[in-house]
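**Q** Structure below; questions to follow.
Residue numbers (my numbering), protein chains in the order written: chain R, 1 to 469; chain E, 470 to 938.
Written as structure tokens, this is what we have:
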């Protein structure tokens with residue numbers, strides 16, 4: 001049964017539905033609130049007395065009085081002794097609705113060589129569900145508390161031992177802080193370094209410098225040019241020694257030692273982004289730079305490439321004296337990373353499921369790399385491919401004079417997502433044309449189909465034209 | 470079978486175990502690395518030739534060469550043509566081990582009236598494991614990607630509809646950003662307001678002001694003193710309208726309107742910390758302040774009290790023009806909150822399990838509140854108890870002249886954790902003695918036992934003495 005009341009004017013209509021799932025008072029409150037918000041009941045306007053409205057709607061007077069009291073407590077209505085209840089003057093301002101953001105269009109129908117993402121289809125769905133179930137089943141009640149800002153002791157212990165074993169890092173659990181991945185790690189580290197008087201961070205050029213207002217330093221075939229770094233005067237540098245992003249160069253042993261000497265000489269720090277070191281194919285991974293000089297290197301790691309970016313878990317291994325300030329900054333940032341996720345990751349590592357997952361995906365990436373190399377040597381035998389020692393991207397060097405942008409645009413018209421390297425340069429104004437071919441989330445079939453779809457361009461890059469994309 | 474080599478001196482001992490689980494080359498590398506790090510092999514020291522070491526250990530020469538090459542690539546060794554392989558000079562600096570932080574001692578054996586935590590024993594273990602399993606089983610592959618910095622669209626839609634229904638918030642999914650809980654929400658909001666020229670945030674006194682360098686404004690029995698706020702000149706204020714922290718006062722309807730007028734007059738913002746609004750016992754929750762003025766109120770929420778703080782999930786409902794800068798700051802902070810956790814929370818809300826959990830814990834907290842009130846009226850009939858309208862803490866007013874610190878210390882000696890309110894005052898130098906009795910994570914039995922253990926102090930607070938704790 002529905003009862004309606006059209007009160008002060010045609011704009012206000014209260015409908016009470018006795019058969020509805022919602023309580024009568026809630027219905028009344030909701031509709032009055034909505035009318036006030038939308039401006040249908042204007043500020044200052046008197047409401048009917050509770051007796052009058054109760055009669056009109058067939059409700060008890062007490063119910064209407066309760067509803068008025070509730071809306072008064074919330075600030076929608078005002079009431080003074082001896083006067084009618086009125087709509088509060090400040091309450092009626094309709095909010096503009098924001099449009100929902102639209103997703104990206106599905107432009108790359110044939111293949112997308114996007115980089116920086118692992119295979120999303122290989123995400124460890126079962127392993128993660130298993131680990132979370134185990135945590136929820138067996139963790140003590142205290143595991144459901146806030147927990148230490150630096151991370152759960154169990155995960156820190158497991159990570160310290162894992163990184164010692166696999167990355168040749170030198171770390172006790174107390175040298176390690178759990179965070180939300182590479183982006184947060186960088187934000188925390190730069191904040192702490194700034195407080196230490198190191199306000200500028202140098203970084204590799206080409207490279208990615210998300211949010212960093214720093215000093216670019218060139219990269220050559222041995223990695224970062226340390227002599228150039230020395231001339232910059234910075235006291236911190238962000239490097240990707242295991243697999244330079246994006247060139248794929250591995251920082252040479254000699255350069256590693258030069259870099260450590262530089263840090264010692266200037267009382268500075270090397271920030272090591274160890275983002276995809278677990279994926280090395282032809283031989284053992286190159287150990288972490290941190291192991292060489294634990295007092296000078298801050299090493300950052302993440303599970304974004306090894307498991308999935310959707311977990312937002314990473315770590316910072318830092319010299320002892322930076323750990324306390326890093327923990328303070330992390331505490332102010334978010335009071336620590338999610339505890340259940342941390343315990344689930346610890347369990348994946350302890351149970352061997354993490355290693356097993358890595359072996360499985362590493363084999364798949366190795367096969368894709370093989371497909372990429374084979375297909376390119378067939379379709380573009382003259383174009384050098386580099387940066388394949390680790391990770392899941394390669395660099396394809398286009399002939400001098402090719403327009404990188406035109407090549408990318410021509411590929412897009414064929415439904416193939418390609419990405420040039422020009423945008424990752426900071427100082428070089430006219431870099432050689434190169435493509436970053438990511439194959440983390442690109443299947444073997446897509447690699448073949450995608451490259452075949454641009455075979456004519458690979459054979460004769462001038463066909464792409466010289467214009468921008 | 471174990472073969473040993475004591476090379477250059479008694480300090481270096483390489484032990485190769487052919488029956489071991491670890492590969493021979495890895496054993497050799499690990500031990501050389503450890504010896505270099507520990508300084509047992511000094512910088513500049515020559516290593517035996519690969520031929521010599523291979524013979525001594527019964528290994529193939531190629532294996533030793535590979536190990537040397539690996540350590541050279543990592544910067545531990547150097548080699549020049551025609552010269553012996555040597556330990557790199559920069560490589561040997563032992564790192565000081567940091568001690569593991571010790572956990573807090575179990576001081577409160579009888580009962581701990583700690584506030585700010587929900588019952589950890591009631592954490593939704595099964596529901597969370599279920600939700601995560603469903604997400605891992607059914608989510609599309611794209612769910613395992615980084616995702617939008619503002620949060621997963623599905624969670625934003627579910628939260629917008631939940632908050633509209635339960636908290637009378639006015640929000641579309643586009644007005645809402647998912648974050649890591651209250652601490653991060655505050656950090657993001659203050660960063661964005663500072664960029665808008667609002668560098669100072671006023672806050673309630675008494676109150677908690679984690680990391681805020683702001684302006685304290687007194688709280689009376691109607692909530693924040695808005696007239697005092699007007700005199701401060703700040704253009705943003707952080708308030709807890711539903712249940713003031715710590716006094717437990719509900720911000721009156723009149724004050725709500727004054728607060729909105731203040732924000733309009735100064736072109737400022739009210740930051741609403743809606744931290745425990747879901748727990749109101751005697752009547753309906755007071756609707757969110759945001760619903761009154763969506764263009765002037767930034768409303769912050771979290772699941773830390775309703776589910777568990779270990780999830781680190783919360784949200785910000787903000788005026789449309791602040792959403793884009795908030796999203797940019799969130800992206801720089803951590804690229805967005807964990808996607809799988811977000812989808813699991815969406816599922817809990819959609820499936821009704823969230824509401825069911827709330828009903829269950831609300832009933833338990835209501836029973837504890839009853840136990841607390843009954844026990845106090847028996848043991849301390851003369852002492853006023855306030856702030857019980859919502860949440861899970863109450864304020865016990867001690868007689869004037871009682872030393873809050875001495876009372877707390879005397880209780881601690883009886884194994885009872887009590888917490889005074891003095892530390893939460895900023896401007897008042899000699900506040901009246903009050904205790905904050907948290908009962909979120911204190912069972913009914915513990916409430917009775919804890920209060921009984923301090924019954925003599927409650928009867929005669931002078932017994933606690935007048936000294937500090």
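No residue lacks a Cβ here, since even glycine has one placed at the ideal position from N, Cα and C.
Give a yes or no on contact between the region 168-180 of chain R and the region 148-156 of chain R, applying the rule of three or more CB pairs nearer than 8 angstroms.
**A** Enough Cβ pairs lie closer than 8 angstroms, so yes.
**Q** Can you confirm whether the region 42-56 of chain R touches the region 78-92 of chain R when touching is taken to mean that 3 or more C-beta pairs between the two stretches lie within less than 8 angstroms?
**A** Taking 8 angstroms as the limit for Cβ pairs, the verdict is that the region 42-56 of chain R does touch the region 78-92 of chain R.
**Q** Here's the rule I'm using: 16 or more other beta-carbon atoms within 10 Å means buried, otherwise exposed. How should residue 829 of chain E be labelled?
**A** By 1-based counting over the second chain, the position of residue 829 of chain E is 360. Classification for residue 829 of chain E: exposed.
**Q** Quick one: is residue 125 of chain R near chain E, going by C-beta distance under 7 angstroms?
**A** Here the question's residue 125 of chain R lines up with position 125 in the first chain. Taking Cβ atoms only, chain E reaches closer than 7 angstroms to residue 125 of chain R, which makes this a yes.
**Q** Mind checking whether residue 639 of chain E and residue 763 of chain E have CB atoms under 7 angstroms apart?
**A** The residue given as residue 639 of chain E occupies position 170 in the second chain. The residue given as residue 763 of chain E occupies position 294 in the second chain. It is a contact, given that the beta carbons lie within the stated cut-off.
**Q** Just tell me which of R/25, R/275, R/37 has its CA closest to the CA of residue 53 of chain R.
**A** Along the first chain, one-based indexing puts residue 53 of chain R at 53. When each option's Cα is compared against that of residue 53 of chain R, the closest is R/25.
**Q** Tell me the DSSP secondary structure of residue 9 of chain R in three-state form.
**A** For this step, residue 9 of chain R is matched to residue 9 along the first chain. Bear in mind that a pLDDT of 41 at residue 9 of chain R, under 50, signals an unreliable position, so the model cannot answer this.
**Q** Roughly how many whole angstroms lie between the Cα atoms of residue 405 of chain R and residue 189 of chain R?
**A** Looking up residue 405 of chain R in the first chain gives position 405. Looking up residue 189 of chain R in the first chain gives position 189. Answer to the nearest angstrom: the Cα atoms are 35 angstroms apart.
**Q** Please report the straight-line C-alpha distance between residue 530 of chain E and residue 243 of chain R, rounded to a whole angstrom.
**A** The count along the second chain starts at 1 and reaches residue 530 of chain E at position 61. The count along the first chain starts at 1 and reaches residue 243 of chain R at position 243. Going by the C-alpha atoms only, they are around 28 angstroms apart.
**Q** For chain E, find out if any of its Cβ atoms is closer than 7 angstroms to the Cβ of residue 328 of chain R; answer yes or no.
**A** By one-based count along the first chain, residue 328 of chain R stands at place 328. Output row for residue 328 of chain R: interface = no.
**Q** Between the alpha carbons of residue 668 of chain E and residue 708 of chain E, how many angstroms are there, rounded?
**A** Residue numbering aside, residue 668 of chain E sits at position 199 when the second chain is read from its first letter. Residue numbering aside, residue 708 of chain E sits at position 239 when the second chain is read from its first letter. Taking the straight line joining both Cα atoms gives about 17 angstroms.
**Q** Starting from the beta carbon of residue 309 of chain R, find every residue of chain E whose beta carbon is closer than 7 angstroms, and list them in chain order.
**A** Position 309 of the first chain holds residue 309 of chain R. By Cβ distance, chain E contributes 614, 615.
**Q** With 8 angstroms as the limit, tell me which residues of the region 335-351 of chain R have their beta carbon closer than that to any beta carbon of chain E; keep them in chain order.
**A** Taking 8 angstroms as the Cβ-Cβ cut-off against chain E, the residues of the region 335-351 of chain R that qualify are 335, 336, 337, 338, 339, 340, 341.
**Q** Determine the chain R residues that contact residue 545 of chain E at a beta-carbon separation under 7 angstroms, and present them in chain order.
**A** Here residue 545 of chain E corresponds to residue number 76 of the second chain, with the count starting at 1. Residues of chain R passing the Cβ test: 292.
**Q** Go ahead and label residue 377 of chain R buried or exposed: buried means 16 or more other beta carbons lie within 10 angstroms of its beta carbon, across all protein chains shown.
**A** On the first chain, residue 377 of chain R is found 377 positions in, with the first residue counted as 1. That one is exposed.
**Q** Looking at residue 458 of chain R: is its Cβ nearer than 7 angstroms to the Cβ of residue 113 of chain R?
**A** Your numbering for residue 458 of chain R matches position 458 in the first chain. Your numbering for residue 113 of chain R matches position 113 in the first chain. No, they are not a contact pair.
**Q** Just checking: is the beta-carbon of residue 436 of chain R within a distance shorter than 7 angstroms of some beta-carbon in chain E?
**A** Taking the first residue of the first chain as 1, we reach residue 436 of chain R at position 436. It does not: the Cβ of residue 436 of chain R has no partner Cβ on chain E nearer than 7 angstroms.
**Q** Looking at chain E, is there any beta carbon in it that lies within less than 7 angstroms of the beta carbon of residue 198 of chain R?
**A** As a working mapping, residue 198 of chain R is identified with position 198 in the first chain. No - not a single Cβ of chain E is within 7 angstroms of the one on residue 198 of chain R.
**Q** Which class does residue 45 of chain R belong to by DSSP, given the choice of helix, strand or coil?
**A** Within the first chain, residue 45 of chain R is the residue found at index 45, counting from 1. If DSSP states are grouped into helix, strand and coil, residue 45 of chain R belongs with coil.
**Q** What residue range is occupied by the uninterrupted beta strand (DSSP E) comprising residue 272 of chain R?
**A** Walking along the first chain from the start, residue 272 of chain R turns up at place 272. 269-273 is the span of the beta strand (DSSP E), which, as asked, contains residue 272 of chain R.
**Q** Determine which residues share a DSSP beta bridge with residue 769 of chain E and list them.
**A** Translated into positions along the second chain, residue 769 of chain E becomes position 300. E/742, E/785, per the DSSP bridge assignment.
**Q** Taking C-beta to C-beta, are residue 688 of chain E and residue 697 of chain E nearer than 7 angstroms?
**A** In the second chain, the residue the question calls residue 688 of chain E occupies position 219. In the second chain, the residue the question calls residue 697 of chain E occupies position 228. Contact: no.
**Q** Assuming contact is defined by CB atoms lying nearer than 7 angstroms, are residue 431 of chain R and residue 423 of chain R in contact in what I supplied?
**A** The count along the first chain starts at 1 and reaches residue 431 of chain R at position 431. The count along the first chain starts at 1 and reaches residue 423 of chain R at position 423. For residue 431 of chain R and residue 423 of chain R, no; Cβs fall outside 7 angstroms.
**Q** Which residue's Cα is closest to the Cα of residue 352 of chain R: R/398, R/384, R/159, R/373?
**A** Start at 1 with the first residue of the first chain, and residue 352 of chain R comes out as number 352. Residue 352 of chain R has its Cα closest to that of R/159, out of R/398, R/384, R/159, R/373.
**Q** Spatial neighbours of residue 410 of chain R within its chain, please: CB distance less than 6 angstroms, with the 5 preceding and 5 following residues excluded, ordered by chain position.
**A** The sequence position of residue 410 of chain R within the first chain is 410, counting from 1. The answer, listed in chain order, is 457, 464.
**Q** Identify the contact partners of residue 610 of chain E in chain R, using a Cβ-Cβ distance below 8 angstroms as the criterion.
**A** The count along the second chain starts at 1 and reaches residue 610 of chain E at position 141. Under the 8 angstroms cutoff, chain R gives 120, 121, 123.
**Q** Report yes or no: is there a C-beta of chain R within less than 7 angstroms of the C-beta of residue 828 of chain E?
**A** Walking along the second chain from the start, residue 828 of chain E turns up at place 359. No, residue 828 of chain E lies away from the interface with chain R (no Cβ there is under 7 angstroms from its Cβ).
**Q** Between residue 27 of chain R and chain E, is any beta-carbon pair separated by less than 7 angstroms?
**A** Here residue 27 of chain R refers to the residue found at position 27 of the first chain. With 7 angstroms as the cut-off, residue 27 of chain R does not count as an interface residue toward chain E.
**Q** Using a Cβ cut-off of 8 angstroms, pull out every chain E residue sitting near residue 257 of chain R, in sequence order please.
**A** Sequence index remark: in the first chain, residue 257 of chain R carries index 257 (1-based). In chain order: 544, 547, 557, 558, 559, 560.
**Q** Using beta-carbon positions only, say whether residue 193 of chain R and residue 236 of chain R come within less than 7 angstroms of one another.
**A** In the first chain, residue 193 of chain R corresponds to position 193, counting from 1. In the first chain, residue 236 of chain R corresponds to position 236, counting from 1. In this structure, residue 236 of chain R lies closer than 7 angstroms to residue 193 of chain R by Cβ.
**Q** Here's a check: name, in chain order, each residue in its chain whose Cβ is nearer than 8 angstroms to the Cβ of residue 362 of chain R, leaving out the five neighbours to either side.
**A** In the first chain, the residue the question calls residue 362 of chain R occupies position 362. Answer for residue 362 of chain R: 278, 279, 281, listed in chain order.
**Q** Pick from E/904, E/871, E/651, E/586: whose alpha carbon is nearest that of residue 331 of chain R?
**A** Stepping through the first chain from its first residue, residue 331 of chain R is reached at position 331. If we check each option's Cα against that of residue 331 of chain R, E/651 comes out closest.
**Q** For a test of the three-state rule: what should DSSP assign to residue 407 of chain R, helix, strand or coil?
**A** The count along the first chain starts at 1 and reaches residue 407 of chain R at position 407. Here residue 407 of chain R sits in helix by DSSP.
**Q** Relative to the C-alpha of residue 137 of chain R, which candidate in E/598, E/771, E/791 has its C-alpha closest?
**A** Within the first chain, the letter at position 137 stands for residue 137 of chain R. The candidate whose alpha carbon is nearest that of residue 137 of chain R is E/598.
**Q** For chain R, is any of its Cβ atoms less than 7 angstroms away from the one on residue 729 of chain E?
**A** As a working mapping, residue 729 of chain E is identified with position 260 in the second chain. So yes, residue 729 of chain E belongs to the interface.
**Q** So, helix, strand or coil for residue 487 of chain E, using DSSP?
**A** The residue labelled residue 487 of chain E in the question sits at position 18 within the second chain. Here residue 487 of chain E sits in coil by DSSP.
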